[in-house]
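What follows is a single structure, written as structure tokens, with notes after it.
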RNA sequence: GCCCCGCUAGCUCAGUGGAUAGAGCAUCUGUCUUCUAAACAGAGGGUCUGAGGUUCGAAUCCUCAGCGGGGCACCA
């Protein structure tokens, strides 16, 4: 990758100037504006103190000595910077080398990791806030797969807690035409659940609440999970595994985790309950087993950590949470560490909430816009783009999709000399950088921004023929036409790859 | 009260301590007899919330303040 070879050459050149031990962090980034070239480093300014020389002098010396192995760039000293410009013939060569999947790179070396996202309580349909986490989790998964990781996508089904019990009780109440209990669920879908249960579970109405409620709860949760599975499928999201919370207790992992923590001194008994916390510190303790003997969700999470890091042996687990859970991050990290899992192996990504203008959504109060309604209204591609951009911008989506469908298919040599043609190639050269940065920083929003840049360059190239017909893609000169088609081909592959990573489709025809 | 996240153009948001802070939308001006208008070319629009500090250099790092969102349960 170009950026890497420039960086390596830069480090060599700096070493050659006698800087060895305390080498400052040599920053290598994109230039502010195209006149300055493509990549730039402020290394001369950083080295000024160490070398006791003026930045301009250092820049000039660096340009003298630096050697880029594959000759991709030329170097120039400008006002304390060294600027690198991608050479035109290197860009032309790149265009002919681009194949489907261009930009893939091995960052993960096959690392086995799990991405857990979504994992919404199975007590109602997904709303537009959930869609964001699902989309981000899915796109991060796609990015990680693209960069050499072995990814498993998991949905953790919180099946066994106060919320789901209230949900079950609400369905029971509806079945018998009663008001939902205190803190119960009010949405219309609860009535639909009750109707379906009446049909699918014979005799359920005659059973006493103590027997009927658990059955109804399970039945309703499974129905909800079916709906969730269908909703996320519309966004092109699939899970490899749906992990039910209650299996943690059936398999004994929950108690195994608690036992291990008890031996290490992290479990204390107080007020009839079991608490987790630092051995000699009571302040931050959290309940694991309630005084009534029921485990909390936190206890399940302890067993869930063992399930993933030990039983299933994931090297790393990435979880995507909405901001309203961020207070739980520290506790989960502490729990992982206490169980003997290095905290770095548990990566938690927090995304901000999606709020309605009318105020916060509430599943319990039935005040929300469902994800399905949103998809119905604008379509899956726009929804995904919307989330990944963090702002609605359907025009860009339309631009990207449509442009791709229009690009021709044939390919051949290179006679690409116009600046707008080389600018397309230039954007293509940056693509591997974007993939790397998005992966390492876990910032999928970099992909749609890149798509926009590439689409803009392609548009400019495509529309150059608007003003002067000799700049059209298809011209009398067959060789030139083929060269321009080659550029289209490279752009199409790259655009397709980028859109795939976002989970946005790029139809061959509009 | 304590803790997290944010505050950048009218709006929604990009912006790994480096050069003149960017994009989309909105506004305004041009461009459809052509493989090309769901588009392109261009214009206007900024006290990067405020005040200090660190630095050769700060939208970016530190401190304080303000505003907004979220969190501090034997809820998840």
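In the numbering used here, the protein residues as written are 20 to 529.
Idealized CB from N, CA, C, for every residue including glycine.
Since the structure is predicted, the reported quantities are computational estimates derived from the model, not experimental observations.
- In this model, residue 513 and residue 116 are separated by some 12 Å (Cα to Cα).
- Looking only at 241, 124, 177, the smallest Cα-Cα distance to residue 455 is reached by 124.
- In its chain, beyond the 5 residues on either side, 212, 215 have a beta carbon closer than 8 Å to the beta carbon of residue 242.
- One alpha carbon belongs to residue 61, the other to residue 359, and they sit about 43 Å apart.
- For the pair residue 133 and residue 171, the CB atoms are nearer than the 9 Å cut-off.
- The beta-carbon distance between residue 518 and residue 161, rounded to whole angstroms, is 11 Å. This is too long to meet the 8 Å contact definition.
- Residue pairing by DSSP puts residue 133 in a beta bridge opposite 171, 336.
- Contact check for residue 183 against residue 236 passes: the beta carbons are separated by less than 9 Å.
- Of 476, 437, 156, 462, the smallest CA-CA separation from residue 489 is found for 437.
- The beta carbon of residue 352 sits closer than 7 Å to those of 362, 365, all from its chain and outside the five residues before and after it, given in chain order.
- A Cβ-Cβ distance of about 16 Å is found for the pair residue 253 and residue 158, leaving them out of contact under the 8 Å criterion.
- With fewer than 16 other beta carbons inside 10 angstroms of its own, residue 218 counts as exposed.
- Residue state for residue 381 is assigned as strand, using DSSP reduced to three classes.
- Between residue 406 and residue 151, the CB-CB gap stays under 9 Å.
- Contact annotation: residue 509 and residue 439 have beta-carbon atoms that are not nearer than 9 Å.
- Nearest to residue 166 by C-alpha distance, out of 130, 187, 201, 524, is 130.
- One alpha carbon belongs to residue 304, the other to residue 369, and they sit about 23 Å apart.
- Under the 8 Å Cβ criterion, the stretch 217-231 does not count as touching the stretch 198-205, having fewer than three qualifying pairs.
- Rounded to the nearest angstrom, the Cβ distance from residue 310 to residue 292 is 5 Å, consistent with a contact under 8 Å.
- Residue environment for residue 92: buried (at least 16 other C-beta atoms within 10 angstroms of its C-beta).
- Here residue 227 carries a coil assignment [DSSP, helix/strand/coil].
- Membership of residue 23 in the alpha helix (DSSP H) is indicated by the continuous run 21-35.
- The alpha carbon of residue 335 has as its nearest neighbour, out of 367, 260, 239, the alpha carbon of 367.
- Counted as a single uninterrupted DSSP element, the alpha helix (DSSP H) harbouring residue 267 occupies residues 265-269.
- The residues 324, 362, 365, in chain order, have a CB closer than 7 Å to that of residue 355 in the same chain once the five nearest residues on each side in sequence are set aside.
- Around the beta carbon of residue 32, a 10 Å sphere encloses 16 or more other beta carbons of the protein chains shown; the residue is thus reported as buried.
- In the DSSP assignment, residue 325 falls within the alpha helix (DSSP H) that extends over 316-325.
- Every beta strand (DSSP E) of 3 residues or more that sits fully in the stretch 45-72 is shown, in chain order, as 47-49, 58-60.
- With at least 16 other beta carbons inside 10 angstroms of its own, residue 458 counts as buried.
- At the C-beta level, residue 45 and residue 65 come within 9 Å of one another.
- Of the residues 245, 176, 194, 251, the one whose Cα lies closest to the Cα of residue 225 is 194.
- Between residue 505 and residue 114, the C-beta spacing is below 9 Å.
- Bridge pairing for residue 283: absent [DSSP].
- Under the three-state reduction of DSSP output, residue 498 falls in the helix class.
- The straight-line gap separating the alpha-carbon atoms of residue 496 and residue 110 is approximately 22 Å.
- Here residue 494 has 500 as same chain residues with Cβ atoms under 6 Å from its own Cβ, once five neighbours each way along the sequence are excluded.
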